[in-house]
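Note sheet for the following structure.
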Amino acid sequence: MIDKEECSMSYVKIDDAIRIILKLGRNSTLCKYDISDAFKICPYLPSQWPLFCFKWQSFYYYYVRLTFGCRSSPKIFDTVSQAICHIAEKNYKIKNILHLLDDFLTIDHPSEDGERSMAIMMTIFKRLNIPIAKHKTEGPVTCLEYLEACGYQAELYNGHSFRIGAATSAGKANVEDHLIKTLGRLSSDSYCRYIRTDKSSIKNAQQQICNS
93 MIDKEECSMS YVKIDDAIRI ILKLGRNSTL CKYDISDAFK ICPYLPSQWP LFCFKWQSFY
153 YYYVRLTFGC RSSPKIFDTV SQAICHIAEK NYKIKNILHL LDDFLTIDHP SEDGERSMAI
213 MMTIFKRLNI PIAKHKTEGP VTCLEYLEAC GYQAELYNGH SFRIGAATSA GKANVEDHLI
273 KTLGRLSSDS YCRYIRTDKS SIKNAQQQIC NS
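Terminal number for the sequence shown in this note's numbering: 304, no gaps in between.
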């Protein structure tokens, strides 16, 4: 069994983004980026293939890339995301960058050029040969919608839920949170924090930003 404590993680919260925006001031520019098929960029060693396989109709099938549902997968992939943030901060002087697994957010002061951050981040992804989901990448803008609770296109997130499989669909079907976790789709309380955030909390956060 994979050690649960060894693979535990703390995820960034929307409050972290709000604090940065409040600090920088109104009309801060935001850019968001989404890695496409994120886990597939992390291959297993051939010696590890027998550890990630299943048998069906007398045939064995092997996973050769990082798999969804595996307890260690989010932790392993997060090291990639951390490296991307480190490169952006240290090599390209990106001042404010947050990530949630394969989702990234950069925030720039109103007097700074958000286009620069977008261009730099896209250059980093290209040089690292990391594919980007263009339909989920946006910016620079001064307003970002917060998933479906703020009117975002729900069809783009069916079965997505921050890269943990079908948590969004399960939530809409009123599956209890602890059952979703038990099924191996979540390794933290990020589902509760992000998907089940009530609309009033999001609206209050928007008002705080607009009034800053």
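All residues carry an ideal CB built from backbone N, CA and C; glycine is no exception.
Does the separation of the CB atoms of Pro135 and Arg157 fall below 9 Å?
-> yes
Nearest-angstrom Cα separation, counted from Val104 out to Ile186 | 18 Å
Nearest to Asp95 by CA position, among Lys167, Pro142, Trp141, Lys228, is which residue?
-> Lys167
Would you be able to state if there are at least three C-beta pairs under 8 Å between the stretch 214-224 and the stretch 169-186?
-> yes
Count the CB pairs spanning the stretch 141-157 and the stretch 103-117 that are closer than 8 Å, and state whether there are at least three.
-> no
So what does DSSP say about Val233, is it helix, strand or coil?
-> strand
C-alpha distance - Glu207 paired with Pro142, whole-angstrom precision | 45 Å
Beta-carbon gap between Asp195 and Asp126 smaller than 9 Å = yes
Find the nearest neighbour of Asn119 within the set Thr234, Ala175, Ser139, judged by alpha-carbon distance.
-> Thr234
Report yes if the C-beta distance between Cys99 and Asp200 is below 9 Å; otherwise report no.
-> no
Report yes if the CB atom of Pro202 is closer than 9 Å to the CB atom of Gly117, and no otherwise.
-> yes
Residue range of the beta strand (DSSP E) that Lys96 falls in?
-> From DSSP, Lys96 is part of no beta strand (DSSP E); its letter is neither H nor E.
For His191, count neighbouring C-beta atoms within 10 Å of its own C-beta (all shown protein chains included) and say buried if the count is 16 or more, exposed if not.
-> buried
Coil, strand or helix - Ile106 by DSSP = helix
Taking Thr171 as the reference, which of Thr121, Phe131, Asn183 has the closest Cα?
-> Phe131
Looking only at its own chain, which residues have a Cβ that is under 7 Å from the Cβ of Ser128, when we skip the five neighbours before and after it?
-> Pro223, Ile224, Ala225
In terms of DSSP beta bridges, what is Thr121 paired with?
-> Asp200
Straight-line CA distance for Ser139 to Gln299?
-> 53 Å
Between which two residues does the beta strand (DSSP E) harbouring Lys147 extend?
-> 145-148
Distance between Tyr155 and Phe144 (C-alpha atoms, nearest Å) = 5 Å
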